[in-house]
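Undergrad: Residues 269 to 370 (my numbering) make up the sequence shown, in order.
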Amino acid sequence: MFDNGNRYISRGINDEIPIDVQIFMWQLIEELKDTIGDADCLQVFTISTVDESENTIRIIHSQEVPEYKKIWIFEASEPCNEEKIFVIDDGSHSTMLLAEEY
């Protein structure tokens with residue numbers, strides 16, 4: 269999974285999530301692949317605010333099979349809403365979307 273180069277984002281991701289956070293989440297998936305070999309077709313990211321004045325956010329990255337969960341602290345370039353994000357790979361392309369868009 270997540271071996272092809274065809275990556276897409278939904279309108280909600282484009283509108284709500286800063287580009288540096290999007291890139292960071294794609295990088296986390298790449299790191300996960302390097303660590304465990306193969307990533308689940310559904311990656312879940314939960315974003316919450318740690319410090320609004322510094323645009324600091326907490327990103328919880330998880331998947332079900334094999335079970336994985338890691339927490340990251342990231343300083344975004346701009347404020348970021350609290351969101352749950354899915355990244356889904358169907359073999360031919362990967363799509364990042366807000367959970368509410370699923």
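Note that the Cβ used here is the ideal one computed from N, Cα and C, for glycine as well.
Between which two residues does the beta strand (DSSP E) carrying Asp358 extend?
TA: Asp358 -> no beta strand (DSSP E), and no H or E assigned at all.
Undergrad: Name the two residues that bound the continuous alpha helix (DSSP H) containing Glu298.
TA: Run containing Glu298: 287-304, per the alpha helix (DSSP H) assignment.
Undergrad: Between which residues of its own chain and Thr314 is the CB-CB distance below 6 Å, once the five residues before and five after are set aside?
TA: Excluding positions up to five away in sequence, the list reads Ile328, Lys352.
Undergrad: Kindly indicate the opening and closing residues of the beta strand (DSSP E) around Asp319.
TA: Run containing Asp319: 310-319, per the beta strand (DSSP E) assignment.
Undergrad: Just the Cα atoms here: how many angstroms apart are Asp270 and Asp357?
TA: For the record, residue 270 in the displayed sequence is Phe; it is not Asp. Going from the Cα of Phe270 to the Cα of Asp357 covers about 6 Å.
Undergrad: Does Glu346 come out as helix, strand or coil in the three-state DSSP assignment?
TA: In this structure, Glu346 counts as coil in the three-state DSSP scheme.
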